[in-house]
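Enquirer:
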Amino acid sequence: MLARRVIPCLDVANGRVVKGTRFVNLTDEGDPAELAQRYALQGADEIVFLDITAAPEGRGTILEVVRRTASQVFVPLTVGGGVRSVAEMRDVLRAGADKVSFNTAAVASPELLTACAAIFGVQAVVCAIDARRVPAAGQPSWDVVTHGGRRPTGRDAVEWAETAVSLGAGELLVTSMDRDGTRSGFDVELLAAISSRVKVPVIASGGASGPADFVAAVREGGADAVLAASIFHRRMHSIEEVKTAMAEAGLPVRPVAEAIA
Amino acid sequence: MSAPRIAVLDYGAANMVSVTQALASCGADVVVAAEVPSLALADAIVVPGVGAAAAAMDALRERDLLEPIRDWMRAGRPALGICLGFQIMLERSDEGGAETLGLMSGRTALLEGAPTLPHIGWNEVELTSPHPLFEGVPDRSHFYFVHSYVAIPTDETTVVARTTHGSAFVSAAASGCLWGIQFHPEKSGEMGQRVLANFLNLVRGAGTGRAG
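Sequence order for the protein chains is R and P.
Just so you know, we're using this note's numbering here: the first sequence kicks off at -14 and counts up by one.
Just so you know, we're using this note's numbering here: the second sequence kicks off at 146 and counts up by one.
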């Protein structure tokens, strides 16, 4: 059985892991390669780096970070943030990443997904969808937002998910912007709405507070993988706790023991 | 021979860099081989690969690597094929109808009955026959897969491990000093490192593999 994945996400700015609330009050939390290695040894099934470097001159730093990480961390590595072209994706993959995640760039130029999938394969192309609930709608619906949640697009998130897959996305990283940073659980309705309409794996993101949320994201939301940041970084819960809860709920996981030398 | 010299074939495969790094981390003396002379001093070759068989065969041919690899494997010298690098050891592929190296009998076909394709992620590897490649690896450990096609060797005695995704397929095979694995050890964490370290031990055991 394919294991359901548990994925820690690291926000990286100017080559360092940072922690903050919604891109503000950032504090330096350490070296991305070291933290990625630590998570890999704790049982992370994959690592996601989200490059939130603001200044254009700091952009190149992520490549060096990927290079250093890939030379010592031997689990799949996904990089999101700031990749806007086939050439930039090639640079990131050559540095040692396995997948690139597109968010705002894919909304602005959906053909980018097609171009990258044609060259690197659909398995390397992740479309990140930031979704916000439309208030007071009869049936629940979600609007796609971009630019870190600041800009509404008026586009329906479920429709965009289907479109992104048809264009070449091999995986969807679905973040509830209503739940992100709130620790009130994943938006399982959003996950279920999307996972029931696409064949590619859906990664749940936004709102994790504890192991039970991971179980719900898979069971009720139909997610194939679950991503979280703060609960791991702040050591509120370990990857092992999460995987134990998933295993106890009958979900297939890769046991943490297999990650330890 | 403390650090076996491993030539990783460079023919444009996407996972070449990761394979190189993972082998180096296991203590191999890795050379990236884009041309025949760099094979001369190698103790073993590694054929990486992700993607389509026909494109890989064309890329190897263009680089004049095709016949040297075939000769190498035919001579019974140690070779590890990873993912597509395993699949092209067989005779042909349904993927684009490509004729492949033909060092193992059988063909490559689309994975039947798979609930999702490509088969991507961590899946269990069931060890069906004990092999030194999996020494220290518990049965049903998880390894990382990314593929849609699978190798179907006709000689059942070469099968070392199977994995199930909709239907069971061969996830590792061994024929003499030819070893093929469908998963990506370079992305399979600690268990992947163990398999690569075991491969290096097998190469050490093959000893004086350097042709005179």
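Heads up, the beta-carbon is just placed ideally off N, CA and C, and yes, glycines get one too.
What number of angstroms, rounded off, separates the C-alpha of P:GLY354 from the C-alpha of P:ARG222?
Expert: To locate residue 354 of chain P, count along the second sequence from 1; it is residue 209. To locate residue 222 of chain P, count along the second sequence from 1; it is residue 77. With a pLDDT of only 46 at P:GLY354, under 50, the local geometry of the prediction cannot be trusted, and no value is derived from it.
Enquirer: Between the C-alpha atoms of R:PRO120 and R:ASP141, what's the straight-line distance to the nearest angstrom?
Expert: By one-based count along the first sequence, residue 120 of chain R stands at place 135. By one-based count along the first sequence, residue 141 of chain R stands at place 156. For R:PRO120 and R:ASP141, the distance between alpha carbons rounds to 13 angstroms.
Enquirer: Taking the alpha-carbon positions, what's the P:PRO260 to P:ALA148 distance?
Expert: Locating residue 260 of chain P in the second sequence gives position 115, counting from the first residue. Locating residue 148 of chain P in the second sequence gives position 3, counting from the first residue. Distance from the CA atom of P:PRO260 to the CA atom of P:ALA148, rounded to whole angstroms, is 42 angstroms.
Enquirer: Alpha carbon to alpha carbon, how far is P:GLY437 from P:PHE290?
Expert: Here chain P has residues from 146 to 357 only, and residue 437 of chain P is not among them.
Enquirer: The alpha helix (DSSP H) that contains P:ALA201, what's its start and end?
Expert: Looking up residue 201 of chain P in the second sequence gives position 56. Looking at the DSSP string, the run of the alpha helix (DSSP H) that includes P:ALA201 is 198 to 207.
Enquirer: With burial defined as no fewer than 16 other Cβ atoms inside 10 Å of the residue's Cβ, what is the status of P:ARG252: buried or exposed?
Expert: Residue 252 of chain P sits at position 107 when you count from the first residue of the second sequence. It counts as buried.
Enquirer: Please report how far the alpha carbon of P:ALA204 lies from the alpha carbon of P:GLY157, in whole angstroms.
Expert: Numbered from 1 along the second sequence, position 59 holds the residue referred to as residue 204 of chain P. Numbered from 1 along the second sequence, position 12 holds the residue referred to as residue 157 of chain P. Just so you know, the alpha carbons of P:ALA204 and P:GLY157 end up roughly 7 angstroms apart.
Enquirer: For P:GLY357 and P:ARG215, I'd like the C-alpha separation in whole angstroms.
Expert: Here the question's residue 357 of chain P lines up with position 212 in the second sequence. Here the question's residue 215 of chain P lines up with position 70 in the second sequence. Because the pLDDT at P:GLY357 is just 34, under 50, the model does not fix this residue reliably, and the point stays unresolved.
Enquirer: Short of 7 angstroms Cβ to Cβ, which residues in the segment 14 to 44 of chain R face chain P?
Expert: ALA25 and ASP30
Enquirer: Using a Cβ-Cβ cut-off of 8 angstroms, state whether R:GLU233 counts as contacting chain P.
Expert: Residue numbering aside, residue 233 of chain R sits at position 248 when the first sequence is read from its first letter. Chain P contact via Cβ: absent.
Enquirer: For R:LYS184, is the classification buried or exposed, using 16 other Cβ atoms within 10 angstroms of its Cβ as the cut-off for buried?
Expert: Start at 1 with the first residue of the first sequence, and residue 184 of chain R comes out as number 199. Under this definition R:LYS184 is an exposed residue.
Enquirer: For the alpha helix (DSSP H) containing P:PRO223, list its first residue and its last residue.
Expert: Indexing the second sequence from 1 puts residue 223 of chain P at position 78. Careful: P:PRO223 lies outside any alpha helix (DSSP H) and carries neither H nor E.
Enquirer: Return the first residue and the last residue of the beta strand (DSSP E) that P:HIS264 is part of.
Expert: Reading the second sequence from its first residue, position 119 is the one you call residue 264 of chain P. Residues 264 to 272.
Enquirer: Taking the straight line between their C-alpha atoms, what separation do you get for R:GLY235 and R:PRO95?
Expert: Locating residue 235 of chain R in the first sequence gives position 250, counting from the first residue. Locating residue 95 of chain R in the first sequence gives position 110, counting from the first residue. The straight-line gap from Cα to Cα measures roughly 38 angstroms.
Enquirer: Would the segment 215 to 225 of chain R and the segment 306 to 320 of chain P be scored as touching if the rule is three or more Cβ pairs under 8 angstroms?
Expert: no
Enquirer: Can you tell me whether R:MET(-14) is buried or exposed, with buried defined as 16 or more other CB within 10 angstroms of its CB?
Expert: Position 1 of the first sequence, counted from the start, is the residue given in the question as residue -14 of chain R. Classification of R:MET(-14): exposed, given that the 10 Å Cβ count is below 16.
Enquirer: Could you tell me whether any Cβ in chain R is nearer than 8 angstroms to the Cβ of P:MET249?
Expert: Indexing the second sequence from 1 puts residue 249 of chain P at position 104. No, P:MET249 lies away from the interface with chain R (no Cβ there is under 8 angstroms from its Cβ).
Enquirer: Is R:VAL203 close to chain P? Criterion is C-beta to C-beta, closer than 8 angstroms.
Expert: For the purposes of this step, residue 203 of chain R is taken as residue 218 along the first sequence, with counting starting at 1. With 8 angstroms as the cut-off, R:VAL203 does not count as an interface residue toward chain P.
Enquirer: Quick one: using the 10 Å Cβ neighbour count with 16 as the cut-off for buried, is R:GLY192 buried or exposed?
Expert: Position 207 of the first sequence, counting from 1, holds the residue named residue 192 of chain R. It counts as buried.
Enquirer: If you count every other CB in all the chains shown that lies within 10 Å of the CB of P:GLU331, and 16 or more means buried, which is it?
Expert: Taking the second sequence and counting its residues from 1, one reaches residue 331 of chain P at position 186. Looking at its Cβ environment, which holds 16 or more other Cβ atoms inside 10 Å, P:GLU331 is buried.
Enquirer: Going by C-alpha to C-alpha distance, which of R:ALA18, R:VAL60 and R:PRO61 sits closest to R:THR46?
Expert: By 1-based counting over the first sequence, the position of residue 46 of chain R is 61. The shortest C-alpha separation from R:THR46 is found at R:ALA18.
Enquirer: With distances taken Cα to Cα, identify the nearest neighbour of R:THR59 among R:ARG69, R:GLU73, R:VAL33 and R:ALA25.
Expert: The residue given as residue 59 of chain R occupies position 74 in the first sequence. The question names Thr, yet the displayed sequence has Phe at residue 59 of chain R. Of the candidates R:ARG69, R:GLU73, R:VAL33 and R:ALA25, the one whose C-alpha sits nearest the C-alpha of R:PHE59 is R:ALA25.
Enquirer: If you drop the 5 nearest sequence neighbours on each side, which residues of the same chain put their C-beta closer than 8 angstroms to that of P:LEU278?
Expert: Sequence index remark: in the second sequence, residue 278 of chain P carries index 133 (1-based). Hits under 8 angstroms: VAL305, ALA317, ALA319, TRP324, ILE326, VAL340, ASN343, PHE344 and LEU347.
Enquirer: Can you tell me whether R:LEU20 is helix, strand or coil according to DSSP?
Expert: The residue given as residue 20 of chain R occupies position 35 in the first sequence. Correct three-state label for R:LEU20: helix.
Enquirer: Starting from the C-beta of R:ARG(-11), find all residues in its chain whose C-beta is less than 8 angstroms away, skip the five residues before and the five after it, and write them out in chain order.
Expert: Residue numbering aside, residue -11 of chain R sits at position 4 when the first sequence is read from its first letter. For R:ARG(-11), where only same-chain residues beyond five positions count, the Cβ hits under 8 angstroms are VAL203, ALA208, ASP209, ALA210, VAL211, MET231, LEU236, PRO237 and VAL238.
Enquirer: Counting only beta-carbon separations shorter than 8 angstroms, does R:GLN124 have a partner in chain P?
Expert: On the first sequence, residue 124 of chain R is found 139 positions in, with the first residue counted as 1. R:GLN124 does not count as touching chain P.
Enquirer: In this structure, does DSSP put P:GLY242 in helix, strand or coil?
Expert: Position 97 of the second sequence holds residue 242 of chain P. Three-state DSSP puts P:GLY242 in a helix.
Enquirer: Quick check: is the beta carbon of P:PRO263 nearer than 8 angstroms to any beta carbon in chain R?
Expert: Walking along the second sequence from the start, residue 263 of chain P turns up at place 118. It does; some Cβ of chain R falls within 8 angstroms.
Enquirer: Checking the sheet assignment: what are the DSSP bridge partners for P:PRO298?
Expert: Here residue 298 of chain P refers to the residue found at position 153 of the second sequence. For P:PRO298, which the question treats as bridged, DSSP gives the partners P:GLY251.
Enquirer: Would DSSP call P:VAL171 helix, strand or coil?
Expert: Here the question's residue 171 of chain P lines up with position 26 in the second sequence. For the sequence presented, residue 171 of chain P should be read as Cys rather than Val. In the structure shown, P:CYS171 sits in coil (DSSP, three-state: anything other than H, G, I, E or B).
Enquirer: Of all Cβ atoms in chain R, is any one closer than 8 angstroms to the Cβ of P:SER316?
Expert: Here residue 316 of chain P corresponds to residue number 171 of the second sequence, with the count starting at 1. Not one chain R Cβ lies under 8 angstroms of P:SER316.
Enquirer: Given P:TRP217, which residues of its chain have a CB within under 8 angstroms of its CB, disregarding the five upstream and five downstream residues?
Expert: As a working mapping, residue 217 of chain P is identified with position 72 in the second sequence. So the list reads LEU184, ILE190 and ALA224, once near-sequence residues are dropped.
Enquirer: Run through chain P and tell me which residues come within less than 8 angstroms of R:MET(-14), C-beta to C-beta.
Expert: Here residue -14 of chain R refers to the residue found at position 1 when the first sequence is read from its first residue. By Cβ distance, chain P contributes ASN268, GLU269 and THR309.
Enquirer: State yes or no: is the C-beta of P:LEU248 nearer than 7 angstroms to some heavy atom of the ligand NAD?
Expert: Because no ligand of any kind appears in the structure shown, any question about the ligand NAD cannot be addressed here.
Enquirer: Given a threshold of 16 other Cβ atoms within 10 Å of its Cβ, counted over all protein chains shown, does R:GLU31 qualify as buried or as exposed?
Expert: Translated into the one-based positions of the first sequence, residue 31 of chain R becomes position 46. Burial call: buried.
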